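Okay, so the sequence shown: first residue is 51 according to my numbering, each after it adds one.
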Amino acid sequence: MSDPQSPASASNQAGSAAPLLVALAGPAGSGKSTLCDRLVGAGLGFSRVVTATTRAPRAGERDGVDYHFLSPEAFEQGVAAGRFLEWAWVHGERRYGTPVDSVLGPLGSGQSLVMNLDVQGVASLRRASATNPILRRALVAVFVRIEPTLLVERLRGRGLDNESEIARRLATAEAELKQAETFDHVIDSGTRDADFEALLAIIRSRRTRASKE
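This is the structure:
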């Protein structure tokens, strides 16, 4: 008999559970990408949704792995053809979107998913879920809330943005933080490990609840 606490047992339990779509939102620098990566690697049956963007790849990013990097023309063609569950302009300069095929197909086959979105992206997914029962059952909206002082520290620490960009991101974060209470769950960010444990607790709770429905 397998140990109920072992990784293999956890993976088996995950495979038999109803699929979830964990949509993580929060300010840039709140740790959403790290949480996505850790969840995928935790042996709980989650894969990451690869979203699309018109922005240029950053150093080390790979097309089809980090994002689908599309030209503005290719993105517009996808919008016109209805190939996105949601999409939005970000900072008025570039577009991000979630391809339909990257979500509904895997969920329909029982695959749990995790994705990193902004606040407006989660709101769009919720609207889409109103008319799609697969999406409605699976969607779990989680906001990662972070104190502004810690956010600035993290943004400076990762070394990707100049001070002007950090100031702009902080202003965006202040608006996003006001939306935290509209989410299904909120994680108040502390350490990386504590944030991940909070996310695992949310997933356990949702899977327990789904098993009783």
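A virtual CB, placed ideally from N, CA and C, is assigned to each residue, including glycine.
These numbers come from a predicted model, not from an experiment.
query                                                                                                    : result
Residue 196 in three-state terms, based on DSSP                                                          : coil
Given 8 Å, three or more beta-carbon pairs between the segment 155-169 and the segment 113-124           : no
Residue environment, residue 224, which counts as buried when at least 16 other CB atoms sit within 10 Å : exposed
Exposure label - residue 212; buried when at least 16 CB within 10 Å                                     : exposed
Coil, strand or helix - residue 125 by DSSP                                                              : helix
Which listed residue (216, 148, 234 and 208) has its alpha carbon closest to that of residue 84          : 208
Nearest neighbour of residue 229, chosen from 145, 171, 159 and 70 [CA to CA]                            : 171
Limits of the beta strand (DSSP E) - the one that residue 74 falls within                                : 71-75
Cβ of residue 95 within 9 Å of any chain B Cβ                                                            : Going by chain labels, chain B is absent from the structure shown, which holds only one protein chain.
Beta-bridge partners of residue 119, as assigned by DSSP                                                 : 103
Three-way DSSP call (helix, strand, coil) for residue 251 in this model                                  : helix
Span separating the alpha-carbon of residue 106 from that of residue 174                                 : 24 Å
Same chain, Cβ closer than 6 Å to residue 144, five either side skipped, listed in chain order           : 104 and 105
Cβ-Cβ separation, residue 164 to residue 233 (assumed contact under 8 Å), whole Å                        : Not confirmed; about 15 Å, so no contact.
Within 9 Å, strictly: CB atoms of residue 167 and residue 73                                             : yes
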